[in-house]
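Residue numbering for the sequence shown is 2 to 236, as defined by our numbering. In this text, a Cβ means the ideal position worked out from N, Cα and C, and glycines have one as well.
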Amino acid sequence: MATSTWLITGSSRGLGLELVRQLTRSPANLVIATCRNPAEATALQTLKSDAKGPLHIVPLDVSDSASIRSSVRTVESILGDQGLDYLYNNAAISPGLEAAFDFEYSALLETLKINIAAPALISQVYLPLVEKSNRKVIVNVSTSFGSIGLDVGPLCAAYSATKAGLNMLTYKQAKAKPGLTVITLDPGWVKTDMGGPNAALEPHQSVEGQLRVVTGLTPQDSGKYFNHAGEILPW
Ligand SMILES: NC(=O)c1ccc[n+]([C@@H]2O[C@H](COP(=O)([O-])OP(=O)(O)OC[C@H]3O[C@@H](n4cnc5c(N)ncnc54)[C@H](OP(=O)(O)O)[C@@H]3O)[C@@H](O)[C@H]2O)c1
2 MATSTWLITG SSRGLGLELV RQLTRSPANL VIATCRNPAE ATALQTLKSD
52 AKGPLHIVPL DVSDSASIRS SVRTVESILG DQGLDYLYNN AAISPGLEAA
102 FDFEYSALLE TLKINIAAPA LISQVYLPLV EKSNRKVIVN VSTSFGSIGL
152 DVGPLCAAYS ATKAGLNMLT YKQAKAKPGL TVITLDPGWV KTDMGGPNAA
202 LEPHQSVEGQ LRVVTGLTPQ DSGKYFNHAG EILPW
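Right under this line is the structure:
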C-alpha cells in the first residue's frame, strides 16, 4: 500500500505534468493524474513507463460538473480503503494580459468557472475521500497576481480577480473544516505555456519547491498563502 495518495488536476502539461513526474519517482506515492483528454495527453502517458509507484490517469474536465462528479467514483475504485492525502487543484486558464476595463465578458465567466467554481466543486465532492486520509491536505494553486498586497499592477485583470477569489475560497475552506490543511500556493513565474519562455523558473524548480512546502505542511498552516519557496504572501 502506498504511503501517500495524490490527485492532481490539469496533468497533461506544464506544472501538473511536472508534479506527476516528480511524485512518481517515489514508490511511496500513489498518483492519480487527471486531465480532460487522456488519449491526447501523450507526455503524461509516457510517464507511465518510468513511474516507480502506481500512476493512474483519469479523465477530468474541470469545466464540466458532470465530469467532476463522475471522476469521484473512478477515484474511489482506485483508492479502495485508502483516503486521498493530497488534493491538488492545479488546472487553470488565463485569458490574457487585459486590464480591468478591457476584458471579454465571456472569457471572464469561463475563467471564473475554471479557476474558482471548479476547485470549489472538486473540493466539495472529494471532501469525504480527503477526510478519510491521514494528511487531509488541499492545495489550491494560486499566483502572486491573486494578491492585492503585492501591488502587481493593472494587467491580467480577469485572471487575477479569479485567483484572488480562489484565495478567499481557501481561507473559507480552512475555517469551515479545521480538521483539514488547506492552503493557497503561488508556484512562482514558471516556463510553461501559461508562464511563457521568459519566466524566471524551470518547471522542475517550481515543483521541487512546491513539494517541499506541501509535504512539510502541518495543520497550523491551514488557511495560509504560500509561495513555492515556503514564504507567506500578503493577501
Ligand atoms: N506558469 C506560471 O508562471 C504560473 C504562475 C502563477 C500561477 N500559475 C498557476 O499554476 C497552475 C498551472 O499552470 P501552468 O503554468 O502549468 O499552466 P499551463 O501550462 O497553461 O497548463 C494548464 C493545465 O491546466 C489544464 N486545464 C485547463 N483547462 C482545463 C479543463 N477544463 N479541465 C482540465 N484541465 C484543464 C490544461 O489542460 P489541457 O492540456 O487539456 O489544456 C493544462 O494541463 C495554474 O493554476 C496557474 O494559474 C502558473
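(request) Per DSSP, which residues does D187 bridge with? Please list them. (result) N228
(request) Could you please give the first and the last residue of the uninterrupted beta strand (DSSP E) stretch that includes P60? (result) 56-60
(message) Taking 8 Å as the threshold (C-beta atoms), are T144 and K114 in contact?
(response) no
(message) Given this structure, state the Cα-to-Cα distance separating G15 from S66, to the nearest angstrom.
(response) 23 Å
(request) Could you tell me how far apart the beta carbons of L170 and I117 are, in whole angstroms, since I believe they sit closer than 8 Å? (result) 6 Å
(request) With DSSP collapsed to three states, give me the class of S95. (result) coil
(request) Please classify T10: is it buried, with 16 or more other beta-carbons within 10 angstroms of its beta-carbon, or exposed? (result) buried
(request) Determine the extent of the alpha helix (DSSP H) in which T35 is found, giving its start and end residues. (result) Looking at the DSSP string, T35 is not in any alpha helix (DSSP H); the run it does join, the beta strand (DSSP E), is 30-36.
(request) Flag this pair as yes or no: are the beta carbons of N141 and D86 separated by less than 8 Å? (result) no
(message) Assuming the contact rule is C-beta atoms closer than 8 Å, L181 and I139 should be a hit. Round their C-beta distance to whole Å, please.
(response) 6 Å
(request) Check whether the Cβ atoms of Y127 and L88 lie closer than 8 Å to each other. (result) yes
(message) Is the beta carbon of L98 closer than 8 Å to that of L156?
(response) yes
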